[in-house]
Amino acid sequence: MGKKLAGHLTSLILALLLGFSLIYYFDIGKKAPVARPDSIIKPYIEMDIDLNDPLRQALFKDMITLYHPEQSSDPDSLLRAVLTYRRDMYEAELQSAHTRQVLNEAKLRQLGIMFLKYVIVYILVLWLTYYGVETLGLIRFIRRKQNKVSYIFELINFLKEASYKKLNTYWRIPTLLVKSVLRGLLYLIFFSPAYVIAYSIKTEFNTNTLIFLILLGLISNGLLITYTNKFYAFLIAESRKGYVLTAMVKNLSNDYRFTQPHGVSLRALFSMRKWFKNHVLNHIYLNAHYQYLGTFKEQASFLISGLIIIEMALNIHGHLSYELLQQLLYKNYDIVIVIVMSIFIIVKVTEIFTDWVIDSKRRVYENRNN
Amino acid sequence: MKNKKQSSFFETLYHHKDRLWSMVWFLGMLLLFIWDMLYLNRPALLKVIDGAMNTFLIAFLVIVFALFIAWLAVNLLFIIRRKGFFVLETVLTFLIDIIRSIPQIIGILLGFVFIAGLLYRNIIQSPMAILLTAVLIAFFVFQELMDLMLDRVNHFRRLDFYQAMTVCGISGSRILNYHILWKNSRRHIFNKVVAIFGVAVFLQCSVDFIISVGLSTDISSMDLPVTLGGLLAHIDSKQDILAIGHAITNPGYFPNLFFKHLQGISVAFSIVFSLLCIYKISNGLSERFRL
Amino acid sequence: MNAWKFQITINANSFCIARIEDFTIQPNRILLLFGESGIGKTMLSKAVYGLLDTEELQVEINGYPYSKYAGSEFVQKIQSTGFFVFQEPSSHLNPVLKIGDQLSEGILGHGQIAEQDKELLWKSPVDKTFDNLQDIYPQPFRPSGGEKQRLLLTMAMRKLNLYLQSEQTEQSGLFVFDEPSGSLDDELRNRFLNLLLQKFTQKPFTCLIITHDYSIIGEIYRKYQQIVSRFDFKELYKDEDKLAVRPFEAGAYLNWISGVKGSQSSIKANGQPVLQFGNRFRVFNRSMGIFKDKGYQQPVDLIIHSGEIVYLKAASGVGKTTLAKIIMGLYRSDHFNMNLAGLSVSEKTSAKVWLKKIWGHKAGMVFQHADEALDLQADVYHIFKGLPGIRINRKVLIQELQRLFENRIDAAFLKKKVLFLSGGQKQRLNLLRVILLNTDLMILDEPLNGLDFNSIRKTLEIIRQEQQKGRAILIISHNEEIFDSFIEQDRIYYLAALKD
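Residue numbers (our numbering), protein chains in the order written: chain A, 1 to 370; chain B, 1001 to 1291; chain C, 2001 to 2500.
If you want it as structure tokens, here you go:
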């Protein structure tokens, strides 16, 4: 752990140093005056023509060739130089107006509040996904052990044997159809990037609330489904290991039905700390859980990306990522760097925390605490 | 003893979910294309096709570059470790860890702004921008592939496999590249590449969407190649997506989505449906190959 | 009591991977099942015990689908009072649960660990090894392989005690021991056998022991004459496209083993030794010594001349393979010295020396598990590609393979995936890779691992041929009965830890 922590801290310090030097650099850059126009293009910059229009551009070039053949540079590069100067001027104007912001104490305080809000949402969503991933992954695993197939395959199987079935069982066809459509829809929602969901319901619901942000963070961008599947894959892989067989020959229950006394307890399934007493599933779960901790770092950084996308795409004022986008637009690069650094700090703190959790677990399992 | 029994087409598909979902993806996109041919106006259709082509082209290039960078990094680390250059190894791992700690979306967003700047100043042209975009995304996703390869290498190094070949005098690069990566990991790598294809589509669309929505002024990405994400942010597509909300509260409006709001719906569907199918294909592969 | 007869078919992805018409287990008797590794002994036993995963395999037993068989009263019965000790003990203990908890979990919580069991499996009641293990989690290096094996055996004994205490007389559960001595040396194996047979004499039960350890036969005939009649010795073999069981002639093995002694090589050593390894070395903070006397009195250098076979013995877990890996430069020793074919090597020698001069040139090593040592995904031809100093062509390779395999080898064999070869075939490829290298020294780590009786004979023949060609050979094995006979007494060395 010591080595890892040193690594994390070094990279954190290095990144912060780099960030501060960039801020200093941009601070100087801001004060630099806008360059004076070149003497060659000077006569043309004040001309009242929309040079973005291709037709005008052609006319402009013809004019130069016809009336100013003494011009040393060719018309194309002249046009480019004029356009570039105009854009630079436009940007400078933009900057100097309402968009220009200074990185002072008040701004830092404002950013601090945004940062805090971001961290709270992040921790909440992380906790919810952790619980969701484990519970959903277990449900999927148990359903598989119960030999349940997907609704659509159940439907196809039913239809294949439909001619042997009694008429009064045909009600299953619409039920299964509706179930599979709903399931498909749910999958589409889980896989939708946050902005697709948000814009789909923006007109009817207030999407600018914190609750909506948390909900979106949880279900969209494929986060929950991807990690549920990872956890499920761990459960499947662990269930094939030898120690599960040993547990079985010790006569631990291998019954995955919810309704049986020796089956899987629903209470254990939905509780935060899951423990399936006298059931083979306990062995499988404990190992899969340990493995899942290893991917937690990756999941956290996926979530950070996801939250940034949500905040940026939803255009909610007063949120850290939206602020980042705004400052990027206004070219207040010092503020951009501060925000990027703050996000980097969240990543690093998460990494240090997960490494610590994994390391302390590992110490226990590797008998290094004795 | 190995007698193959006949299994039905349905059974095969059920057991080979990767194939099933590849088929679903292809058919779904084909259906969408036919529908759009019938009901979407030509300029919009061309825009959607262009966007989809660019998106998938970039995602494809991303996996090519990511594979290359990951392979290079793994070989480099392998040689460094074998030769015992401890300091070099620490520095390289440290640098890779720093890239890992930058949230992908931020890295790519800043990179996009940079590429847009290059385009804007006419330093590069559009095809070059596609290549650069792919390299940029690859730079932020290659670690997943590299980690997988390193995991495989470490797994085999722990077994007698590696040592048994080493003491026979078989060269390290042959053991690494032929025996470990090619013979014993190509299925794992292929599966990861499919997943990364999905990640590339997702990141690219998201960044493009954000830039088009958030930075849509003069310095925006207007010169960047159009992708599905950028297309979705366009005002007409955005209106189409907003119409979904309207249809939820007014179900009578629902059919209009498939005729009046086809551009936005097509784009959104292409993104979401592709992401879902790619995920399912990757899952199917890992299940079939028991990865 | 009626015999348990099974007709079993196992398919995976519509491929038939095992089929047997008649697999019979006699209740209240001990069945010793031999056969090549990978042939399907474990799978058949798991099938009978109701442990196969129906998600991966489609199984049919006596005409019933597996789910029906596994749910039958018969299987419930053999499971509820029986036990299954799996091979590879490391993967059969849960790494995130304390050993103590695993030993008293489920039905085991109702049974006792008898003092006698502790005494026999864990050496003596005063030995604290067993008690010290209760509070730890199983990890790759601690407990050791042998200890893990004994932990699983302890579980079995606990369940067996429950059966012995019960009133049940009619039909016992099924006790399966899959390679129970795989990680045990001869002494511990004999202790286990002693304990098992004591319990069997007390009250008979149905027992299936799967093993490659043929020397167990000698032990049974030597010490348990009075109950030999309660044993069935059988061998599982491949009969065209299906599996079959035939009686294994214990007498034939016993005759053969006494004949092996007669074939001891008479080549006399001369000249400079190929390997001279200093009598003491230090590794993993332990000092080790090499001895020629069983009492470990005076350490001596390990010396092997050209044309000589030397056998290195030690109790399990002492570090025979570690020594081999030090010679091969795979483990760094804190202190050692050796002379290998004119090259002086010590702990100060750079790793490059092994890379450039030793590996594949002066020395080669055959690792114990062919399954791990070979690239199972490669084809036979590619196993031999990339070996230094020799140009492999298909024709030469076929000739060499022909020498090792009884059957005719053709070009198609070279294209076969190693994964699909039998255990014996894999072990022979493992051996051939090092034979082809023509190194001065050849180290063989458990060369008989997983082989059936025929393959053992063939492998010993090949080793003898290599010796006659003038190679120096170091053999490491816990198969003492065979190698004690195969190798002259004065060529046997012992390895033991030294007291610091």
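Just so you know, even glycine gets a beta-carbon here, dropped at the ideal spot from N, CA and C. Just so it is clear, the structure is predicted and the values come from calculations on it, not from any experiment.
Start-to-end residues for the alpha helix (DSSP H) that takes in residue i
i	result
Y1986 of chain C	Because chain C here runs from 2001 to 2500, residue 1986 of chain C falls outside it and cannot be looked at.
A288 of chain A	280-294
Y1279 of chain B	1262-1288
G2364 of chain C	Premise fails: G2364 of chain C lies in the beta strand (DSSP E), 2363-2366, not in any alpha helix (DSSP H).
Q2076 of chain C	2073-2081
A1044 of chain B	1042-1083
I2227 of chain C	It is not in any alpha helix (DSSP H) - I2227 of chain C carries neither H nor E in the DSSP assignment.
E154 of chain A	151-160
Integer-rounded CB distance, given that residue j should sit under 8 Å from residue i
i	j	result
L1276 of chain B	I1265 of chain B	Actually they do not touch by this definition, with Cβ atoms about 16 Å apart.
A247 of chain A	V280 of chain A	5 Å
T354 of chain A	L223 of chain A	Not confirmed; about 16 Å, so no contact.
N1184 of chain B	Q2425 of chain C	At roughly 20 Å, the Cβ-Cβ gap does not stay under 8 Å, so N1184 of chain B and Q2425 of chain C are not in contact.
G2329 of chain C	I2358 of chain C	6 Å
L2193 of chain C	I2216 of chain C	7 Å
I219 of chain A	F191 of chain A	That belief does not hold up - the Cβ atoms of I219 of chain A and F191 of chain A are roughly 10 Å apart, past 8 Å.
K2234 of chain C	L2031 of chain C	6 Å
S2181 of chain C	R2189 of chain C	4 Å
Residue environment, residue i, which counts as buried when at least 16 other CB atoms sit within 10 Å
i	result
D2186 of chain C	buried
D1218 of chain B	At D1218 of chain B, the pLDDT of 47 sits below 50, so the modelled position is not reliable; the number obtained from the coordinates is stated separately. Per the 10 Å Cβ criterion, exposed.
A32 of chain A	Confidence at A32 of chain A is low in this model, with a pLDDT of 49, below 50, so the placement of that residue is unreliable and no value is reported for it.
E351 of chain A	buried
V2396 of chain C	exposed
D50 of chain A	exposed
M1037 of chain B	exposed
Q1263 of chain B	buried
K1005 of chain B	Annotation note: pLDDT 47 at K1005 of chain B (below 50); position unreliable, coordinate value reported separately. With fewer than 16 Cβ atoms within 10 Å of its Cβ, K1005 of chain B is classed as exposed.
I2025 of chain C	buried
N2255 of chain C	exposed
M272 of chain A	exposed
E105 of chain A	exposed
P2273 of chain C	buried
N332 of chain A	buried
L2133 of chain C	buried
S1270 of chain B	buried
V1023 of chain B	The amino acid occupying residue 1023 of chain B in the given sequence is Met; Val does not appear at that position. So M1023 of chain B ends up on the exposed side.
S163 of chain A	exposed
Extent of the continuous beta strand (DSSP E) to which residue i belongs
i	result
G1107 of chain B	Unbroken run through G1107 of chain B is the alpha helix (DSSP H), 1104-1120; no beta strand (DSSP E).
C2207 of chain C	2206-2210
K2005 of chain C	2004-2012
E2060 of chain C	2057-2061
Q2276 of chain C	2275-2277
K2242 of chain C	2242-2247
L103 of chain A	No beta strand (DSSP E) contains L103 of chain A, which DSSP labels as neither H nor E.
I2019 of chain C	Before going further, note that residue 2019 of chain C is Arg rather than Ile in the sequence given. Taken as a continuous stretch (DSSP letters only), the beta strand (DSSP E) holding R2019 of chain C covers 2015-2025.
L2032 of chain C	2030-2034
V2176 of chain C	2174-2178
If you pair each beta-carbon of the stretch 1050-1067 of chain B with each one of the stretch 2015-2024 of chain C, do three or more pairs fall below 8 Å? no
Can you give, in chain order, each stretch of the alpha helix (DSSP H) that sits fully within the stretch 2429-2497 of chain C and has at least 4 residues? 2453-2468, 2480-2486
With a cut-off of 8 Å, do at least 3 Cβ pairs link the stretch 117-126 of chain A to the stretch 149-163 of chain A? no
Quick check for students: name the residue ranges of the alpha helix (DSSP H) that lie wholly in the stretch 220-263 of chain A, counting only runs of 4 or more. 223-239, 242-249
Please go through the stretch 2379-2404 of chain C and give each complete alpha helix (DSSP H) segment of 4 or more residues, from N-terminal end onward. 2380-2383, 2394-2404
Pairs of beta-carbons, one from the stretch 2444-2452 of chain C and one from the stretch 2029-2042 of chain C, closer than 8 Å: are there three or more? yes
In the stretch 1136-1167 of chain B, which residue ranges form an unbroken beta strand (DSSP E) of at least 3 residues, counting only runs that do not cross its ends? none
So does the stretch 356-369 of chain A actually touch the stretch 287-294 of chain A, counting three or more Cβ pairs closer than 8 Å? yes
List, from N- to C-terminal side, the beta strand (DSSP E) runs of 3 residues or more that fit wholly inside the stretch 2281-2351 of chain C. 2286-2291, 2302-2304, 2309-2313, 2337-2340, 2343-2346
4 or more residues per run - each alpha helix (DSSP H) lying fully within the stretch 176-213 of chain A: 194-201
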